[in-house]
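Data first, discussion second: the structure below is written as structure tokens.
Residue numbers (the working numbering): 514 to 636.
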């Protein structure tokens, strides 16, 4: 379940499809992370293992708890580069150990070379 009855009905399958990549797209502050956290909370309620790749370094544990997320059981990673984030995703997916994997956000997945370039430009 996505945590939203209306969305689950609209999707026609009672939630987000398992084993698929689902992109939640929308403008800034439109609820993308909130929807992802609701999905995590629902999966955890059913005994699922969830991971949150916080590429934005902006996960608010207090807010997540209010949405029903068990932060103590949530696997959280805050990678420094896009490559590192994708490596973590690849490892988690291949392990088959997680039921829900959130990457927040794709826009924050900056390549290492670009980060190093920005550092060089700043000097």
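Don't be surprised by glycine CBs; every beta carbon is placed ideally from N, CA and C. Bear in mind that the values here come from a model prediction, so they are computed numbers and not experimental data.
Helix, strand or coil at residue i according to DSSP, with G and I counted as helix
{"i": "residue 593", "result": "coil"}
{"i": "residue 564", "result": "strand"}
{"i": "residue 587", "result": "coil"}
{"i": "residue 606", "result": "helix"}
{"i": "residue 569", "result": "coil"}
Where the beta strand (DSSP E) containing residue i begins and where it ends
{"i": "residue 548", "result": "Counting along the chain, residue 548 falls outside any beta strand (DSSP E), though it belongs to the alpha helix (DSSP H) covering 545-558."}
{"i": "residue 518", "result": "Counting along the chain, residue 518 falls outside any beta strand (DSSP E), though it belongs to the alpha helix (DSSP H) covering 518-524."}
{"i": "residue 614", "result": "613-617"}
Own chain residues within Cβ distance below 6 angstroms of residue i, not counting five before or after
{"i": "residue 615", "result": "549 and 565"}
Same chain, Cβ closer than 7 angstroms to residue i, neighbours up to 5 away in sequence not counted
{"i": "residue 592", "result": "566, 568, 598 and 601"}
N-terminal and C-terminal residue of the alpha helix (DSSP H) that residue i is part of
{"i": "residue 575", "result": "574-579"}
C-beta contact flag for residue i and residue j at 8 angstroms
{"i": "residue 611", "j": "residue 605", "result": "yes"}
{"i": "residue 553", "j": "residue 520", "result": "no"}
{"i": "residue 594", "j": "residue 545", "result": "no"}
Close-in-space but distant-in-sequence residues of the same chain around residue i (CB under 8 angstroms, 5 per side omitted)
{"i": "residue 629", "result": "none"}
I'd like to know if the region 561-579 and the region 524-532 are in contact, where contact means that at least 3 CB-CB pairs between them fall below 8 angstroms. The region 561-579 makes no contact with the region 524-532; the number of CB pairs closer than 8 angstroms stays below 3.
Below 8 angstroms, can you find three or more Cβ-Cβ pairs linking the region 550-558 to the region 580-595? A contact exists between the region 550-558 and the region 580-595.
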